[in-house]
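Asker:
Numbering (my numbering), first residue to last: 3 to 232.
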């Protein structure tokens, strides 16, 4: 029996862009899926860098994430996907629940595409700093960058209650988006924001005016075109 094809998918983008919704919808649609969440690889609360200008904990910088452990997990899932498939995934934090509003029936027009992809094991890696680490980026066969405008991201972020951390619970202090989240996003993702500097293998999906269903359709179509003959 031939070994199954194992394909990695990286879904990145700023906080509240819709990347988690896309990851959850792909998990719902694709037949064999392992999900790895970057948020599971945050360092402990006492190791999070402190922003020099504001004195606030900077959860939005690469220094807050253990990328070596994240990349090791991706490689392990690629090498032995069945051990990951047998585990129960930790639920992705998704305060917008966009994925809950759509069912398999909403994607009935993708029957051909999904049937073609059903024997592939997909390892979906989701996180807002994935494309900032070279080793992680090199370990991803497909890359989707999900983005939205500053005002849309700010509105979504400030509607969130908070985040579970390794040692407790984090709630954004007032002004955290403008002082930390947005500046850090621009700083660490500048190479992704311009056509001339962005890796052409990274597909951009804009959620300002595009529905969750449509960006999911676009991602599935990309996978279908790439793997329909394998």
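In this text, a Cβ means the ideal position worked out from N, Cα and C, and glycines have one as well. Every value quoted in this text rests on a predicted model; they were computed, and no experiment measured them.
Tell me whether residue 68 sits in a helix, a strand or coil according to DSSP, three-state version.
Answerer: Correct three-state label for residue 68: coil.
Asker: Which runs of the beta strand (DSSP E), 3 residues or longer, sit entirely within the segment 90-167?
Answerer: Listed in chain order, the complete beta strand (DSSP E) runs (minimum 3 residues) inside the segment 90-167 are 123-128 and 144-149.
Asker: For residue 190, tell me which candidate among 64, 37 and 77 has the shortest Cα-Cα distance.
Answerer: Comparing C-alpha distances from residue 190 to each of 64, 37 and 77 shows the shortest one belongs to 64.
Asker: Hey, out of 70, 112 and 7, whose CA is closest to residue 81's CA?
Answerer: Measuring C-alpha to C-alpha distances from residue 81 to each of 70, 112 and 7 identifies 7 as the nearest.
Asker: Exposed or buried, what is residue 14 when buried is set at 16 or more other beta-carbons lying within 10 Å of its beta-carbon?
Answerer: buried
Asker: Anyone know if the C-beta pair for residue 106 and residue 29 falls short of 8 Å?
Answerer: no
Asker: Does the separation of the CB atoms of residue 145 and residue 12 fall below 8 Å?
Answerer: yes
Asker: Where residue 225 and residue 119 are concerned, what is the direct C-alpha to C-alpha distance, given to the nearest angstrom?
Answerer: Rounded to the nearest angstrom, the gap between the Cα atoms of residue 225 and residue 119 is 8 Å.
Asker: Look at residue 147 and residue 204 and say whether their C-beta atoms are less than 8 Å apart.
Answerer: yes
Asker: Could you check where the beta strand (DSSP E) with residue 14 kicks off and where it finishes?
Answerer: Its beta strand (DSSP E) spans residues 8-14.
Asker: What separation, rounded to the nearest whole angstrom, lies between the Cα atoms of residue 78 and residue 123?
Answerer: 13 Å
Asker: So what does residue 38 bridge to, in DSSP terms?
Answerer: 127
Asker: Please report the straight-line C-alpha distance between residue 157 and residue 35, rounded to a whole angstrom.
Answerer: Each residue's alpha carbon lies about 31 Å from the other.
Asker: To the nearest angstrom, how far is it from the Cα of residue 181 to the Cα of residue 131?
Answerer: 18 Å
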